[in-house]
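Numbering (UniProt numbering), first residue to last: 1 to 155.
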């Protein structure tokens, strides 16, 4: 089993659609912690993810508490990607049940979510850069996790 990509209350439908496409192509699961800042109905996500959304595995959580309850049923680490971390994603050893948590495009995650993470990682950037696009960040980290674990799909 590969790590999953977890989106905490995403703001931008296009990013979520791109991540669904990424997940479909890499055989990953996307977990969506609601509420989203856009219409996140199946129809809207299908439109945002184009024809790839139907190929992606999507698991919805009505809120943070529901996500945590699911974590108790399916153990694994919550690995938060944040600009407030000091550990670089490429220096981290990923495990197959990790949940790669990405915050809202506009605000990241609240302090209680940040505190609950089992690990906090960052993607190094040039001085003065604030943040990468959410979908780009998810792709970078998911690819590294898959590379480390040997979970890359056969071509």
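Glycine included, every Cβ here is placed at the ideal spot set by N, Cα and C.
Inspect the beta-carbon positions of residue i and residue j and report whether they are closer than 8 Å.
{"i": "residue 100", "j": "residue 62", "result": "no"}
{"i": "residue 87", "j": "residue 121", "result": "yes"}
{"i": "residue 64", "j": "residue 6", "result": "no"}
{"i": "residue 10", "j": "residue 145", "result": "no"}
{"i": "residue 102", "j": "residue 81", "result": "yes"}
{"i": "residue 19", "j": "residue 127", "result": "no"}
{"i": "residue 24", "j": "residue 55", "result": "yes"}
{"i": "residue 15", "j": "residue 72", "result": "no"}
{"i": "residue 118", "j": "residue 79", "result": "yes"}
In this structure, how does DSSP classify residue i when only helix, strand and coil are distinguished?
{"i": "residue 131", "result": "coil"}
{"i": "residue 92", "result": "coil"}
{"i": "residue 76", "result": "coil"}
{"i": "residue 69", "result": "helix"}
{"i": "residue 150", "result": "coil"}
{"i": "residue 108", "result": "strand"}
{"i": "residue 142", "result": "helix"}
Can you tell me where the beta strand (DSSP E) holding residue i begins and where it ends?
{"i": "residue 30", "result": "29-33"}
{"i": "residue 6", "result": "4-8"}
{"i": "residue 82", "result": "Here residue 82 belongs to no beta strand (DSSP E), and DSSP marks it neither H nor E."}
{"i": "residue 102", "result": "99-102"}
{"i": "residue 56", "result": "Looking at the DSSP string, residue 56 is not in any beta strand (DSSP E), and its letter there is neither H nor E."}
Can you confirm whether residue i, when its beta carbon is compared against all beta carbons of chain B, has any partner nearer than 8 Å?
{"i": "residue 32", "result": "Absent from the structure: chain B. Only one protein chain is present."}
Where do the N-terminal and C-terminal ends of the alpha helix (DSSP H) with residue i fall, by residue?
{"i": "residue 119", "result": "Element bounds for residue 119: not the alpha helix (DSSP H) but the beta strand (DSSP E), 119-122."}
{"i": "residue 23", "result": "13-26"}
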